[in-house]
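K.L.:
There are 2 protein chains.
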Amino acid sequence: MDKTQNSKPWSIREIIPENHPRKESLLIREKIVEAMEKGVVVPQGLIAHGRGECFDYLIGEKTQFFAEKAIEAAAAMLLLAKYPVISVNGNMAALVADDIVKLAELTNSKIEVNLFYRNEYREKAIAEILYRANAKNVLGVGEDASLTIPELFSQRRKVSPNGIYKADVVLLGLEDGDRTEALVKMGKKVIAIDINPLSRTSMTATVTIVDNIIRAMPRLIQKVMEFKSKPNEELMKILSNYDNKSVLRESIVFIANRLTQLSFSL
Amino acid sequence: MDKTQNSKPWSIREIIPENHPRKESLLIREKIVEAMEKGVVVPQGLIAHGRGECFDYLIGEKTQFFAEKAIEAAAAMLLLAKYPVISVNGNMAALVADDIVKLAELTNSKIEVNLFYRNEYREKAIAEILYRANAKNVLGVGEDASLTIPELFSQRRKVSPNGIYKADVVLLGLEDGDRTEALVKMGKKVIAIDINPLSRTSMTATVTIVDNIIRAMPRLIQKVMEFKSKPNEELMKILSNYDNKSVLRESIVFIANRLTQLSFSL
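For the record, the sequence lines run as chains A and B. Note that numbering that gives the first Met the number 0 gives residue 190 to position 191 of the first sequence, counting from 1, and the numbers run on in steps of one. Note that numbering that gives the first Met the number 0 gives residue 127 to position 128 of the second sequence, counting from 1, and the numbers run on in steps of one.
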């Protein structure tokens, strides 16, 4: 192995040159690789992260106006919810654990671990990350995930009776399309943070925040704090004015225009 | 763990439903995950694969006209080369080992293992895959990679004196931008198979095939067989008529137009 490389199996964290054009993105990538080494993220989660990197590049690695609109609607929806739940998977825990706990506190949301590749070791590892970020209670671990809901892919999916099963609003990030569809079919409102505007999750969710979850979460927290003092009528108005289809359309057109611009500069 | 899941740690190969909208892509993804379990692909290779999936989706998961043009130029370039070398990394070995060996035979190319994360275990594992695919000789393993060339990222990069170091034409796939730049700076002609037309590899290479390597390699082999009987003058004409910048531009505009279309159908 190169002597220039770290002693850790695949980490390149310490050899990324200061002047590397994509330093930030590479450091986040290392976070995900390290999370896989700890068993928090599965290999397929790394592939999903790669898809995300691609779309982040396409939207210019910035929170754009279409995401800002969706973040406002999401903040209003969370504040109006009767029983909001934040669904957490390995990638989310690896990237935004502190923000998940902060958002849950501000919105009285439950936090539930919800994995595509469920096993108790991972559930506990993810719950531990959340508890270390000061979560009061983490649902969906072990016996707590006792109820099943139907789903195309794994045939059954386990959820907590006190969490997702009971929720009226579910916030999820970096999620599989089948899972999102299953929740919507159960009549739940879904807020998705998904940087791919073409994914089935994006297309199916009630509110889709097309942004990198690392940028979107702090902005969502900010907006919730700002909206907390607003009367319900005003929040309902924000929601009724929100059109997810048109927001998705704007994001896709934005990428298309950006690519056309890039092609000119070649 | 779900009983519906395989006994292998993270494989979902056997539970992918027949009617899943992205079955093919999921099966290729499993190949890459399995290659990581065998130590052939590194975690960062999975992230790179994810980025590739995104771009494949954007180009419509088909070999498009801009790739066909580049494949013709690449075939001509390989047949005109004095000392062509195919540079192989973990992802390439996992996905197209048989095609690499076939193409090397048809074009009298050397095959060299060239890794970003170099270690002897991986070098040997990749060489073994190539030997099992009937490669006669695989360069760049262990002591054979004795020469170094300068490069931004890892400071030094080891290559074989009888392979990449000596090559006039290097074919590479799924490669890091710094590596590609280093080769071009050494005066080598580089044929890149890279599904991301915006990557530094794509921008830097002499001929860029913007396509999924799984589809591009068999087509390249086909074109080499077709061109083998052509006189050199004709091959040189194909090359001199080829404009990589305009091919890249076409691919980017193609994606932009496709996205605009998709946004209408929302």
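Each residue gets a CB set at the ideal place from its N, CA and C atoms; glycine is no exception.
With three or more beta-carbon pairs closer than 8 Å as the criterion, would you say the region 221-237 of chain B touches the region 202-213 of chain B?
P.N.:
Touching, no, given that fewer than three Cβ pairs across the two stretches are closer than 8 Å.
K.L.:
Taking all protein chains shown into account, do 16 or more other C-beta atoms lie within 10 angstroms of the C-beta of G44 of chain B, making it buried, or fewer, making it exposed?
P.N.:
Taking the first residue of the second sequence as 1, we reach residue 44 of chain B at position 45. That one is buried.
K.L.:
If we count Cβ pairs, one from each stretch, closer than 8 Å, do we get three or more for the region 141-149 of chain A versus the region 56-67 of chain A?
P.N.:
With the cut-off at 8 Å, the region 141-149 of chain A and the region 56-67 of chain A do not touch.
K.L.:
Does the Cβ-Cβ distance between G139 of chain B and S159 of chain B come in under 8 Å?
P.N.:
Counting from one through the second sequence, the residue named residue 139 of chain B turns up at place 140. Counting from one through the second sequence, the residue named residue 159 of chain B turns up at place 160. Yes, the Cβ-Cβ distance between G139 of chain B and S159 of chain B is below 8 Å.
K.L.:
Where do the N-terminal and C-terminal ends of the alpha helix (DSSP H) with E42 of chain B fall, by residue?
P.N.:
Position 43 of the second sequence holds residue 42 of chain B. First, the residue type needs correcting, since residue 42 of chain B is Pro and not Glu in the sequence shown. Note, P42 of chain B: alpha helix (DSSP H), 42-57.
K.L.:
Using three-state DSSP, classify K184 of chain B as helix, strand or coil.
P.N.:
In the second sequence, the residue the question calls residue 184 of chain B occupies position 185. Residue state, collapsed to three classes: helix.
K.L.:
Could you tell me which residues DSSP pairs with P230 of chain A in its beta bridges?
P.N.:
For the purposes of this step, residue 230 of chain A is taken as the residue at position 231 of the first sequence. None, per the DSSP bridge assignment.
K.L.:
Do I212 of chain A and S86 of chain A count as a contact pair if the criterion is CB distance below 8 Å?
P.N.:
Taking the first residue of the first sequence as position 1, residue 86 of chain A is located at position 87. Taking the first residue of the first sequence as position 1, residue 212 of chain A is located at position 213. No; because the gap between Cβ atoms is not below 8 Å, this pair is not in contact.
K.L.:
Check whether chain A comes within 8 Å of Q63 of chain B, counting only Cβ atoms and requiring the distance to be less than that.
P.N.:
Locating residue 63 of chain B in the second sequence gives position 64, where the first residue counts as 1. No, its Cβ sits nowhere closer than 8 Å to a Cβ of chain A.
K.L.:
From the DSSP output, in three-state form, read off K165 of chain B for me.
P.N.:
Taking the first residue of the second sequence as 1, we reach residue 165 of chain B at position 166. Of the three classes helix, strand and coil, the one that applies to K165 of chain B here is coil, per DSSP.
K.L.:
Taking a Cβ distance cut-off of 9 Å, strictly less, list which residues of the region 46-57 of chain A are near chain B, in chain order.
P.N.:
Answer set for the region 46-57 of chain A: I46, A47, H48, G49, R50, G51, E52, C53, F54, Y56, L57.
K.L.:
Mind pulling the alpha helix (DSSP H) runs of 4 or more residues that sit fully within the region 79-115 of chain B?
P.N.:
Listed in chain order, they are 89-106.
K.L.:
At a Cβ threshold of 8 Å, is S6 of chain A touching chain B?
P.N.:
Looking up residue 6 of chain A in the first sequence gives position 7. A caution first: S6 of chain A carries a pLDDT of 37, below 50, which makes its placement in the model unreliable, though a value can still be read off. Judged by the 8 Å Cβ criterion, S6 of chain A is not in contact with chain B.
K.L.:
Based on Cα-Cα distance, which residue from B:N118, B:M216, B:G186, B:Y241 lies nearest to R156 of chain B?
P.N.:
Looking up residue 156 of chain B in the second sequence gives position 157. The shortest Cα separation from R156 of chain B among B:N118, B:M216, B:G186, B:Y241 belongs to B:N118.
K.L.:
For P230 of chain B, does the count of other Cβ atoms within 10 angstroms reach 16, so buried, or fall short, so exposed?
P.N.:
For the purposes of this step, residue 230 of chain B is taken as residue 231 along the second sequence, with counting starting at 1. Burial call: exposed.
K.L.:
On the DSSP bridge assignment, give the partners of T147 of chain B in chain order.
P.N.:
Reading the second sequence from its first residue, position 148 is the one you call residue 147 of chain B. Note: T147 of chain B sits in a beta bridge opposite B:K157.
K.L.:
With 7 Å as the limit, tell me which residues of the region 239-260 of chain B have their beta carbon closer than that to any beta carbon of chain A; keep them in chain order.
P.N.:
Those residues of the region 239-260 of chain B that come within reach of chain A (Cβ to Cβ, closer than 7 Å) are K244, L247, R248, I251, V252, I254, A255, L258, T259.
K.L.:
Is the Cβ-Cβ distance between R50 of chain A and G49 of chain B less than 8 Å?
P.N.:
Numbered from 1 along the first sequence, position 51 holds the residue referred to as residue 50 of chain A. Numbered from 1 along the second sequence, position 50 holds the residue referred to as residue 49 of chain B. Closer than 8 Å, so yes.
K.L.:
Within 8 Å of any Cβ in chain C, is that where the Cβ of S262 of chain B sits?
P.N.:
The structure shown has no chain C; the protein chains it does contain are A and B.
K.L.:
Is the separation between the beta-carbon of L79 of chain B and that of M235 of chain B shorter than 8 Å?
P.N.:
By one-based count along the second sequence, residue 79 of chain B stands at place 80. By one-based count along the second sequence, residue 235 of chain B stands at place 236. Yes, these two residues count as a Cβ contact at 8 Å.
K.L.:
Do the region 94-106 of chain A and the region 233-248 of chain A make contact, defined as three or more Cβ pairs closer than 8 Å?
P.N.:
Contact between the region 94-106 of chain A and the region 233-248 of chain A is absent, because fewer than three Cβ pairs lie under 8 Å.
K.L.:
Is the Cβ-Cβ distance between A328 of chain B and V209 of chain B less than 8 Å?
P.N.:
Because residue 328 of chain B is not part of the residues shown, which for chain B are 0 to 265, the question remains open.
K.L.:
Can you pull the chain A neighbours of R218 of chain B, defined as C-beta to C-beta under 7 Å?
P.N.:
In the second sequence, the residue the question calls residue 218 of chain B occupies position 219. Within 7 Å Cβ-Cβ: nothing; R218 of chain B doesn't reach chain A, min ~23 Å.
K.L.:
According to DSSP, which residues form a beta bridge with I194 of chain B?
P.N.:
For this step, residue 194 of chain B is matched to residue 195 along the second sequence. DSSP, once it has assigned bridges, lists no residue as partnering I194 of chain B.
K.L.:
Taking M35 of chain B as the query, report the chain A residues whose CB atoms sit under 9 Å from its CB, ordered along the chain.
P.N.:
Residue 35 of chain B sits at position 36 when you count from the first residue of the second sequence. Going along chain A in sequence order, the residues near M35 of chain B (Cβ under 9 Å) are P42, L45.
K.L.:
Indicate the three-state DSSP secondary structure (helix, strand or coil) for V189 of chain B in the structure shown.
P.N.:
Within the second sequence, the letter at position 190 stands for residue 189 of chain B. In this structure, V189 of chain B counts as strand in the three-state DSSP scheme.
K.L.:
Distance check for G38 of chain A and L105 of chain A, CA to CA, integer angstroms please.
P.N.:
Within the first sequence, the letter at position 106 stands for residue 105 of chain A. Within the first sequence, the letter at position 39 stands for residue 38 of chain A. For L105 of chain A and G38 of chain A, the distance between alpha carbons rounds to 29 Å.
K.L.:
Is there a Cβ of chain A sitting closer than 8 Å to that of L265 of chain B, yes or no?
P.N.:
Here residue 265 of chain B corresponds to residue number 266 of the second sequence, with the count starting at 1. Closer than 8 Å to some Cβ of chain A, the Cβ of L265 of chain B qualifies, so yes.
K.L.:
Does the beta carbon of L171 of chain A sit closer than 8 Å to a beta carbon anywhere in chain B?
P.N.:
Here residue 171 of chain A is taken as the residue at index 172 of the first sequence, counted from 1. So, not an interface residue.
K.L.:
For L170 of chain B and T259 of chain B, what's the separation of their Cα atoms in angstroms?
P.N.:
Residue mapping note: residue 170 of chain B aligns to position 171 of the second sequence, counting from 1. Residue mapping note: residue 259 of chain B aligns to position 260 of the second sequence, counting from 1. Between L170 of chain B and T259 of chain B, the C-alpha separation is close to 33 Å.
K.L.:
Looking only at its own chain, which residues have a Cβ that is under 7 Å from the Cβ of Q154 of chain A, when we skip the five neighbours before and after it?
P.N.:
If you number the first sequence from 1, residue 154 of chain A lands on position 155. Because the pLDDT of Q154 of chain A is 46, which lies under 50, any placement of that residue in the model is unreliable, and the number read from its coordinates should be weighed accordingly. The answer is none, since no qualifying residue turns up.
K.L.:
Mark E71 of chain B as exposed unless 16 or more other C-beta atoms lie within 10 angstroms of its C-beta, in which case mark it buried.
P.N.:
Here residue 71 of chain B refers to the residue found at position 72 of the second sequence. Result: buried.
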